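Asks: Before I ask anything, here is the structure I am working with.
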Amino acid sequence: MERSEALAQPMRALLQAHPVLVSLLEERGIHCGECFIAERETLAGVATMHHVDLDELLAEWARREALPRTE
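Residues in the sequence shown are numbered from 1040 upward in steps of one, following the working numbering.
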């Protein structure tokens, strides 16, 4: 997913499409799936609100999604 595309989507859509993002955020104490604002907040807004470096978060997300899945 392109950076601009990811940053334009509301969190609820991102979390549904990318479960790895849920765990990545929860490891940082961010529980967007439980928050009413996830319907309209973006990942950039979440990063700002929770004092998380957006570039670092995006890099870790990309790294984790590139890993082979074992199911």
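Just so you know, even glycine gets a beta-carbon here, dropped at the ideal spot from N, CA and C. Fair warning: this is a prediction, and the values are worked out from it, not measured in the lab.
Just mark residue 1069 as buried or exposed, buried being the case when its beta carbon has 16 or more other beta carbons within 10 Å.
Replies: buried
Asks: Can you name the start and end residues of the alpha helix (DSSP H) that residue 1094 belongs to?
Replies: 1093–1105
Asks: Please classify residue 1077: is it buried, with 16 or more other beta-carbons within 10 angstroms of its beta-carbon, or exposed?
Replies: buried
Asks: Counting pairs of Cβ atoms below 8 angstroms between the segment 1047–1056 and the segment 1087–1094, do you hit three or more?
Replies: no
Asks: At which residues does the alpha helix (DSSP H) containing residue 1058 begin and terminate?
Replies: 1058–1065
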